[in-house]
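One structure is given below, encoded as structure tokens.
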Amino acid sequence: MSEIALGILLLTGLVLALTVMVMLARSVLMPSRPAHVTVNGRTELATTTGTKLLGVLNDAGILVPSACGGAGTCG
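Numbering (my numbering), first residue to last: 4 to 78.
Structure follows, in structure tokens:
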């Protein structure tokens, strides 16, 4: 019985450690910085890096036809 509990604790600890490592790597390698998108030389939208362009345009009320149903990634 103690082997099962030890295995569960070990696996849970391993998953938590890997999750923390991925989150730290993501924050270092892909920092979220402010960005500006200019549409047709007139409309300027403020956003952050890492945000999907289709989502930014959709939030601003600029509708863009897309084959992926507005998901921002197709395939």
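Ideal Cβ placement from N, Cα and C applies to all residues, glycine included.
| Item | Value |
| --- | --- |
| Compute the beta-carbon to beta-carbon distance between E47 and T54, rounded to the nearest angstrom, for a pair I have assumed lies under 8 Å. | With 8 Å as the limit, E47 and T54 do not qualify as a contact, their Cβ atoms being about 15 Å apart. |
| The alpha helix (DSSP H) spanning L17 covers which residue range? | 5 to 32 |
| Report the residue from G44, I11, R29, T52 whose alpha carbon sits nearest the alpha carbon of P37. | T52 |
| Excluding the 5 residues preceding and the 5 following A49 in the sequence, name in chain order all residues of the same chain whose CB lies nearer than 7 Å to its CB. | P37, H39 |
| Buried or exposed: where does L60 fall if 16 or more other Cβ atoms within 10 Å of its Cβ makes it buried? | buried |
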